[in-house]
Amino acid sequence: MPCEVNPRFVVLYGSQKGQAESLAEGIAEVAEEHGLVAELSCLNHNEKYNLEKENAPVVFIVSTTGDGEPPDNALQFVKRIKKKTLSTDHYKHLCYALLALGDTNYANFCNCGKTIERRLQELGAKQFYATGYADDGVGLEVVVDPWIEGLWKAIKGALSKMASDKTDVLKGEAGDSPKETPDSSTLHVQLNLLGITDHQSCEPIKASIETLSKFASSSSSATQTAVSDLRPAFPAGSPVLASQCCGPASVSTSAPKTQTGNAGVPGVSLAASLTCSLPPLSESSLNVPALPPPYLDVSLQEVDSVEQIVGLLNKESLHAAPISRAVQLTRGDSVKRALLLELDVSAHPLATYHPGDSFDVFCPNKASEVEDGLHRLGLHDQRNHRVHMSLRKDTKKKGAQVPSYMSQNISLLYLLTWCLEIRSVPKKAFLRALVEHTGDGVQKRRLQELCSRQGNADYNLYVRDSSLSVLELLAAFPSCSPPLSLLIEHLPKLQPRPYSAASSCLRYPGKLHFVFNVVEFPACSGRPAGRRGLCTGWLFDLINPALVLPEKEESSNSPALPKIHVSLRTNCCFRPPSDLSAPFIMVGPGTGVAPFIGFLQQRELERKENPEAVFGETWLFFGCRHRDRDYLFREELEGFVSSGTLSHLKVCFSRDDQEGEEGEEGEATTSAARPRYVQHNLLRNSQHITDVLLKRNGYFYVCGDAKNMAKDVNNALMEMIQTELQVDQLDAMKTLAGLREEKRYLQDIWG
Ligand code: FAD
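Quick note: the sequence shown uses our numbering, first residue 558, plus one each step.
Below, the structure is given as structure tokens:
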């Protein structure tokens, strides 16, 4: 019997936090269902693929990190394809599709994907499917799901076209057809669908064109808040009933209204909540994601003594630094609590940090939550057992690996305390996997709804936007009993939290300051009581007994403060200008002012040491809610103005109604004209700012909230450039892009 071999295609990913990797794996996993063989590889592993000779379609899934940079594991690839010596037909033979992941809250949206795409086209590669630009700011799945839905037909079309091109070449007809643009090629691919055998369905051409236009419209009007789903629904055709998809027929996909209710407690409430849905969702058929294949075997082994188990936080780069001082900078409770911590880094490699650098704080999960988790998993008695992990021999997961960040010699307690982000919001794939471990039918159905396409809005409302953790979810679904292996497979690595240095080591030798807001998550459906952010809550608990409050004098007999583990994250761009005569503008509302305190402390010393030198003027735009409650570093900033280190200080208060602007020039304004936010103050100083940036080769720094502030500041800059240069929006954008390129418009933003 002839053996049928499925056609192959290649999936290459570049991923910083695992999202692109997970999507690429998801595509590879379901390829077989579409009659295809996927060869999956990370872009860095160039020994595993050969684009120079590749004759199968290639699918790129790439994310963007930092200020538009490629992820670490795509850096080498991007460098290689950027080589000027490559000819314009280098990738003439290559057919590709590309899915770019990014976040519009940050500058240079999807820049890595765009760079790869531009270079592929410059090198002659042909696009067989329209590029998807997925925005984590509104939910990757808005673009990712339809993009993957349409991918399968596009790949088959590309395969068919490549085969017919080959036949044409063999017939000596190559070169007769006109060169195709990506769009016409995409259309061609769609038309070719009629000619190939699709094992899944042979829907008419209209369907695939609809898929594309749906994709195009959802990518352009992606305004809804949607889930940032690691592994999207990989539909294999028409909607399926959840009960068909998930096994046991106990789940009703069109449950009558009376059957909905708090999971496991029928009839208690008919208000929608995390555990309860209402029609139409409760009666809807559901498209649920494919079940992620399990890939880990996990066992717990008793050890003779706990000391046998190591599990220390890393070694070379990680050192403990004592907290030497903790001060609360804000007053009252109507503002976000801001704290300043001073670390003694005299014996630490961090001691030579520069203004603009940040550093990582390694925090553990909250002990009470770890305890709850151990009880919930029924593993409390085994908390000191060694965790043994290996790959399941029969796993269907492509490229499965035991997580590299977990040592084989750690206890269960250590694993839950230091390795897994147990607070992370469960992705839909995780919810889908939890369905399999849920006994109660109503709870099972609700989990299916939450991970389904139809349940998107509920997922966003009750899970994503509420930042619900897996433990909170398990508390709400008591009949769900996942094995430990499932948590290890689905929970991400516990990441350290970065903080910007708020001091200069020249001003405070051996010391490092940082400032943070204590993040508060309110109670919500599924979370009976509010909780603090993981790291900021942990730091707060650590320092609370010795915290110096604004109204109180520092006491000499306050309790000793503990040490914390930190490591340096150097930032070679976000630095004060090396040319001391260059003027610069700093925009840092709230805790975003932190690095600029370091900039100004350094500048003050430089001025003292070089009395003859010419220093460029300095501007700081600061903003907060109330002058007398959260004006951080007020005295120090006013001192910089008095000493001439800071030429212009522009401060605004968003919630003080009667007062005018606070500024060193003593301007007062009426309430109506009063600037509320930093961007308003920027616009008021439009001419000076554009002058500094466009005529005097100055620098513009922004630090703080990425979600709103950085965007508003960027828009204000655009407006200023348009007005001052009398140019249109496109030219203003180009001017800003030029400033970024020259590293004179720099951002250090988070959120
Ligand atoms: P988590 O438990 O991790 O919860 C964080 C979640 O809470 C986020 O997903 C977000 O949606 C939400 N959230 C609500 N308010 C905030 C907020 N104010 N900040 C962040 N997330 C918020 N933070 C500082 O306060 N000072 C700094 O100087 C500082 N510098 C940073 C520098 C860099 C390069 C980066 C990437 C981040 C920086 N951050 C800074 C943010 C900081 O790393 C943490 O994200 C923040 O302190 C929350 O950590 P957490 O563990 O308490 O919250």
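Using N, Cα and C, we set each Cβ at its ideal position, and we do this for glycine too.
The model shown is predicted, which means the values in this text are computed figures rather than measured ones.
7 Å Cβ cutoff met for residue i and residue j
{"i": "Cys1037", "j": "Leu1031", "result": "yes"}
{"i": "Val1027", "j": "Thr974", "result": "no"}
{"i": "Tyr852", "j": "Arg1002", "result": "no"}
{"i": "Gln1005", "j": "Val1020", "result": "no"}
{"i": "Gln1011", "j": "Leu838", "result": "yes"}
{"i": "Leu677", "j": "Pro564", "result": "no"}
{"i": "Glu908", "j": "Leu898", "result": "Here residue 908 is Ala; the residue named in the question, Glu, does not match the sequence. No, the Cβ-Cβ distance between Ala908 and Leu898 is not below 7 Å."}
{"i": "Ser620", "j": "Ser830", "result": "no"}
{"i": "Ala631", "j": "Val567", "result": "no"}
{"i": "Asp861", "j": "Ser1124", "result": "no"}
{"i": "His942", "j": "Leu843", "result": "no"}
{"i": "Ser968", "j": "Asp854", "result": "no"}
{"i": "Trp1095", "j": "Cys920", "result": "yes"}
{"i": "Ser1204", "j": "Glu1169", "result": "no"}
{"i": "Arg1186", "j": "Cys1209", "result": "no"}
{"i": "Gly575", "j": "Pro627", "result": "no"}
{"i": "Leu1106", "j": "Ala895", "result": "no"}
{"i": "Lys954", "j": "Leu597", "result": "no"}
{"i": "Arg1084", "j": "Glu1029", "result": "yes"}
{"i": "Ser981", "j": "Pro1049", "result": "yes"}
{"i": "Tyr1256", "j": "Phe1141", "result": "yes"}
Straight-line gap, residue i to residue j (C-alpha atoms, nearest Å)
{"i": "Lys640", "j": "Lys1068", "result": "44 Å"}
{"i": "Lys1291", "j": "Met1143", "result": "21 Å"}
{"i": "Glu1193", "j": "Asn1101", "result": "24 Å"}
{"i": "Gly696", "j": "Leu1091", "result": "23 Å"}
{"i": "Lys683", "j": "Val959", "result": "36 Å"}
{"i": "Pro1040", "j": "Gln1052", "result": "23 Å"}
{"i": "Leu569", "j": "Ile618", "result": "6 Å"}
{"i": "Lys763", "j": "Glu706", "result": "Note that Lys763 scores a pLDDT of 28, beneath 50, so its modelled location is shaky; the value from the coordinates is reported in the next line. Approximately 15 Å, taken between the alpha carbons."}
{"i": "Ala877", "j": "Gln885", "result": "23 Å"}
{"i": "Tyr686", "j": "Leu655", "result": "8 Å"}
{"i": "Phe1197", "j": "Pro1133", "result": "16 Å"}
{"i": "Asp1015", "j": "Ala1103", "result": "43 Å"}
{"i": "Ala828", "j": "Val845", "result": "24 Å"}
{"i": "Ser1042", "j": "Ala990", "result": "11 Å"}
{"i": "His602", "j": "Gly670", "result": "18 Å"}
{"i": "Gly689", "j": "Ala1273", "result": "29 Å"}
{"i": "Ser721", "j": "Gly998", "result": "51 Å"}
{"i": "Asn1271", "j": "Asp1214", "result": "26 Å"}
{"i": "Asn1242", "j": "Glu1166", "result": "31 Å"}
{"i": "Cys1062", "j": "Asp702", "result": "49 Å"}
{"i": "Leu1099", "j": "Cys1260", "result": "27 Å"}
{"i": "Met1275", "j": "Leu1293", "result": "7 Å"}
{"i": "Cys652", "j": "Leu708", "result": "13 Å"}
{"i": "Gly1145", "j": "Phe1097", "result": "23 Å"}
{"i": "Ala711", "j": "Leu600", "result": "22 Å"}
{"i": "His650", "j": "His937", "result": "58 Å"}
{"i": "Val1313", "j": "Pro1119", "result": "It is not possible to answer for residue 1313, since the shown part of the chain is limited to 558 through 1308."}
{"i": "Glu698", "j": "Leu988", "result": "15 Å"}
Residue environment, residue i, which counts as buried when at least 16 other CB atoms sit within 10 Å
{"i": "Asn1238", "result": "buried"}
{"i": "Pro983", "result": "buried"}
{"i": "Thr832", "result": "buried"}
{"i": "Asp1136", "result": "exposed"}
{"i": "Ala1117", "result": "exposed"}
{"i": "Asn749", "result": "Reliability fails at Asn749, whose pLDDT of 25 lies under 50, so the model's placement of it is uncertain and the value that follows must be treated cautiously. Buried, by the Cβ-count rule."}
{"i": "Thr645", "result": "exposed"}
{"i": "Gly1155", "result": "buried"}
{"i": "Thr672", "result": "buried"}
{"i": "Val1171", "result": "exposed"}
{"i": "Gln1286", "result": "exposed"}
{"i": "Glu578", "result": "buried"}
{"i": "Tyr962", "result": "exposed"}
{"i": "Ser758", "result": "Note that Ser758 has pLDDT 30, beneath the 50 cutoff, so the model's placement of it is unreliable and the number below is only indicative. Exposed: under 16 other Cβ atoms inside 10 Å."}
{"i": "Asn668", "result": "buried"}
{"i": "Asn607", "result": "exposed"}
{"i": "Ala1059", "result": "buried"}
{"i": "Val902", "result": "buried"}
{"i": "Cys1129", "result": "exposed"}
For the stretch 1175-1195 against the stretch 1147-1155, do three or more pairs of beta-carbon atoms, one drawn from each stretch, fall closer than 8 Å, so that the two count as touching? Contact holds: three or more Cβ-Cβ distances are below 8 Å.
Segment contact, 8 Å Cβ cut-off, at least three pairs: the stretch 1299-1306 with the stretch 1262-1274: Cβ pair count under 8 Å is three or more, so yes.
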